[in-house]
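Peer 1: Next up is a structure, given as structure tokens.
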Amino acid sequence: MHFDISAIIPAVAVVLYVTFVIFGFFQYKKDRFYWSFQLYMIFVAVWSFGSMMMHLNSPVMTPLFWNRIMLVGLLSVPFGLCSFVVDMLSIRNKAVRYLINLSYLLIIPLMYLNFSGSIVSDAGFVDGVFFYQLADGALSAYSLSYVYLIITILLLLFGADWRHDKQARKNLTLPLIGVMVMLIGIFLNVFPAVGKYPVDIFAAAVNAVLLFYSIYKYKLINYSKAAITVLYSTILFAVSSLTYLAIFFIIQRFSTQFKASNTLSLSFILGIATLIIVYPLRNLALYFIDTVVLPHRHPYQKTIRELSRRLTTIVHLTELGEEVVKSLAAGMRCEWVLFVARRRREDHQFFLIAEERCPSCTAVGSVVELAFPAGMADHPSVVYCANVEEEPWTISASIPPVDVIIPLACRGEACGYILMGYDHVKTMITPLEREALEILASHCSLSLENALSFERLRVQGEELAMSNNKLEAIFNGIASPVCLIDERYTIQEANSAALNFVGRGRGQLIGSKCYESFFGRDRPCAHCLGPEAIHTGMMQEDEVELSSHYLSFQFHSVRSADRSRPVFIEIIADVTEHRHLQQELVRTEKMAGIGTLASGIAHELNNPLAGIMGTAEIMLGDERDEQSKEYLNDILTYAKGASNVINELAIYSRKEEGVKSEPVALVQTLEFALRLALRGGDHRAIEIKRNYHALPIIEANEAQLQQLFLNLIVNALQAMEGEGVLTLTCLEKDGYAQVKIADTGGGIPEEHIKEIFTPFFTTKEPGAGTGLGLSNCYTIMERIGGRIRVQSEVGVGSEFTTLFASSEEKREEIRFHLATE
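And the structure:
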């Protein structure tokens, strides 16, 4: 093997480029990764490796073979480089991109020329000196490859100028200079006298150093800390070894006493030793300087270190913003700091979360519209810092121009920004401070993601609590008892109406058996249709009479929250009043039919009665026999009595076209109702006392008054059970016409006094009353604009008093002043 400087240079290049390739594959999922750059690095690595093996005169294959391997990378490099530059400039022109991609096809004829021996016909060593001989196709191959590269680079340079993107031009300056150096080195390969030395690889190494510096300084590509360390170490090793080799060469040149047998190996050993020693010594020296000599040399380090430590405990977005802006404003010597972020990850707007010393800034909590320069928003993990000679970025009309932009990325997307402004008279941030800010940005990004997650959970919790409160209010607001019951008849949930229905607390009802809690049974009810509702998935309903009450049951099949056990909803409704209303409706229809029938019968009976009375009167006028006259008078009296009864029945059953008010005499109406009530049974043992005074004529509906007095008199007669005193009183007092109906019955218990006017309330035996009589009386008095009062004493009797207004003024007085009496 031939080991000299010609082999060392490509060997160092191999280490650099292979490092780029290996760590590049680990970064492909991260931001700012370009497959075109990765391919470019592979081509250069193949180029360097072939050159190294060729100059080493490796026993594995011949130098000519390795020369052709080297040409595989050398001739392919321009195409990968062009594609990478297009990606870096973010050129979206389809024609340009298609042209660049199709250019890879040119590699096929170049490889044909290479492996057919049309580029290099021979290569090897003569007397330890490397040589190669170009073939006839060498000029064509180099021209096809690199003329295309030169034209493409020129076009891309002009394209960058047309885009007026200063940052893009600055990012590409050093890499393009490195390409020019590499092109010059490759061009020398056309001259074998010079090309036999690894000038091309040296130029490629210069290109690698410039490219690495640009990537590191401008963050063109994301590389991990391990990759950066390897690159640093390789460059340090190469520079150290070359430095030692140069020193040995100078010593040997001027001193004959220095006789080292192998200065190249010794230089490599010292380079490795330097690499091992430098890093610990550097870290120790920096620690000593920072802690002893100049403890306040980098105040930002303490600020960022303490801030990073505090960020681990912050989960509130506002607290995070305030902590960041206060710490950076104090430790980074900036003029002002802003913290803008999304309130939720799915939001598209940024809000001002916190600010420190920001002039002419919008209010905290307001929306901030951000517009970043081209390409900046595409890299959410790069810290952008404007140099002193550059103008600050104007990214929003509501905030001042910005000198430092620190994106906070959450899952590859910018969810917030730290914006800083500096006084341009002073020095801007240093590269070390920028590195520290990048570390801080990663910590802040994690804290921001935690804060956004916490904020999202908080909002979802509030929405869930509000929704739960609404559902609970609706559930408990249902007037009917509602229960959620599982297939084992265990109550899972119940509303307030259900608790009131069973008279138990929530803790006692939940978890108990429904048939036990609701109906005191030891087994499921016969009318329960809950299992049928679960099996059929359809609503089931039934109506049952229990303890003189009618209850309606509805069963609905639902899915439980955990879907592990089927449940059903049972809705219980007391339909007793509805049933009574139905019965009363039927009764009313019957009464209406009876009234119609009675009216027809009265009409049919009046005609023969009129004939009987007329004939009796004629016969009475002609008859001379006293005995016959007596019989005729009896016939006439009975016929008139029958006619009066029929006329009264016709008046009571007459249909009303509408509730019309008319002048009504209360005493006559009361007497008419009394006569009707007395005909309803045997009341000969009841003494009737009348205490009538003159009453004014009132405006009311006569039929309704007849019903009012009839109901009160019938109740009084029924309360006395065939024996007692019925007292009817009519008088005018305090401007009101009063009608009192008193009995000497059993009286009304005090606990029932407030319920007697409630519809369907009755203390009578089933079938003896509907409980609607007094309710109708109360309704009639409300319509008339009067009042009804009751006084009762158990064992003594009851007295109902109806008050009628004699004027509109008195009607208003009854309405407002007597309403609570």
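For what it's worth, the numbering used here labels the leading residue of the sequence shown as -1, then goes sequentially.
Cβ coordinates follow ideal geometry from the N, Cα and C atoms, glycine included.
Please read all numbers here as calculations on a predicted model, not as lab measurements.
(1) Please tell me whether Leu450 and Cys413 are closer than 8 Å, where the distance is taken between their beta carbons.
(2) Could you give the distance in angstroms between the alpha-carbon of Tyr130 and the alpha-carbon of Tyr230?
(3) Use the C-beta contact count for Met178: other C-beta atoms within 10 angstroms, 16 or more gives buried, fewer gives exposed.
(4) Can you tell me whether Gly793 is buried or exposed? The criterion is at least 16 other CB atoms within 10 Å of its CB, across all chains shown.
(5) Could you tell me which residues DSSP pairs with Tyr144 in its beta bridges?
(6) For Tyr734, which residues from the same chain have a beta carbon less than 6 Å from its beta carbon, with the 5 sequence-adjacent residues on both sides left out?
(7) In the segment 301 to 375, which residue ranges form an unbroken beta strand (DSSP E) of at least 3 residues, counting only runs that do not cross its ends?
(8) Identify every residue that forms a DSSP beta bridge with His547.
(9) Excluding the 5 residues flanking Ser445 on each side, which residues of the same chain have their C-beta closer than 7 Å to its C-beta?
(10) Within a Cβ cutoff of 8 Å, which residues of the same chain sit near Lys658, ignoring the five residues on either side of it in sequence?
(11) For Ile476, which residues in the same chain have their Cβ closer than 7 Å to its Cβ, ignoring the five residues on either side in sequence?
(12) Quick check on Lys658: does DSSP put it in helix, strand or coil?
(13) So Leu336 and Glu321 are in contact, right, with Cβ under 8 Å, and what is the actual spacing, rounded?
(14) Locate the beta strand (DSSP E) running through Tyr32, then write down its first and last residues.
(15) At what residues does the alpha helix (DSSP H) containing Ile483 begin and finish?
(16) With Glu621 as the anchor, note down where its alpha helix (DSSP H) starts and where it stops.
(17) Contact between the segment 683 to 692 and the segment 620 to 639 is defined here as three or more beta-carbon pairs at a separation below 8 Å; is this criterion met?
(18) Count the other CB atoms within 10 Å of the CB of His162; is the residue buried (16 or more) or exposed (fewer)?
(19) Starting from Asp120, trace the beta strand (DSSP E) both ways and give me its first and last residue.
(20) On the three-state DSSP scale, how would you describe Asp572?
(21) Helix, strand or coil for Gly679 per DSSP?
(22) Please classify Thr742 as buried or exposed, where buried requires at least 16 other C-beta atoms within 10 Å of its C-beta.
(23) How many Å lie between Glu823 and Leu14 at the Cα?
(24) So, Ala671 versus Ile711, is the Cβ gap smaller than 8 Å?
(25) Helix, strand or coil for Trp539, going by three-state DSSP, please let me know.
(26) Compute the distance between the beta-carbons of Ser46 and Pro76, then report whether it is under 8 Å.
(27) For the alpha helix (DSSP H) that contains Ile437, what are its first and last residues?
(28) Under a three-way DSSP split, which group does His750 fall into?
(29) Pick helix, strand or coil for Val75, following the three-state DSSP scheme.
(30) In whole angstroms, give me the CA-to-CA distance for Glu602 and Gln666.
(31) Mind checking which residues open and close the alpha helix (DSSP H) that includes Cys413?
(32) In this structure, does DSSP put Ser238 in helix, strand or coil?
(33) Quick one: what does DSSP say Ala158 is sitting in, helix, strand or coil?
(34) At what residues does the alpha helix (DSSP H) containing Ser510 begin and finish?
(35) Out of Ala740, Asn709 and Ala663, state which residue places its alpha-carbon closest to the alpha-carbon of Leu724.
(36) Using the DSSP secondary-structure output, state which residues sit across from Arg787 in a beta bridge.
Peer 2: The answer reads as follows:
(1) yes
(2) 34 Å
(3) exposed
(4) exposed
(5) Answer by DSSP bridge pairing: none, since Tyr144 is not bridged.
(6) Leu801
(7) 334 to 339 and 348 to 354
(8) Leu544
(9) Leu309, Ile312 and Leu318
(10) Asn699
(11) Asn493 and Ala495
(12) coil
(13) Leu336 to Glu321, Cβ: 14 Å. No contact.
(14) Tyr32 -> no beta strand (DSSP E), and no H or E assigned at all.
(15) That residue, Ile483, is in no alpha helix (DSSP H); its beta strand (DSSP E) goes Val480 to Asp484.
(16) From DSSP, Glu621 is part of no alpha helix (DSSP H); its letter is neither H nor E.
(17) no
(18) Only weak support exists for where His162 lies, its pLDDT of 48 falling under 50; the coordinates are left without a value.
(19) Val118 to Val124
(20) strand
(21) coil
(22) buried
(23) No information on residue 823 is available, as it lies outside the stretch -1 to 819 that the chain covers here.
(24) yes
(25) At residue 539 the sequence reads Glu, which differs from the Trp that was named. Strand.
(26) no
(27) Pro429 to Gly475
(28) helix
(29) helix
(30) 27 Å
(31) Segment Glu411 to Gly419 is the beta strand (DSSP E) holding Cys413; no alpha helix (DSSP H) there.
(32) helix
(33) At Ala158 the pLDDT is 49, less than 50, meaning the model places this residue with poor confidence; the figure from the coordinates comes in the next sentence. Helix, per DSSP.
(34) Here Ser510 belongs to no alpha helix (DSSP H), and DSSP marks it neither H nor E.
(35) Ala740
(36) Thr799
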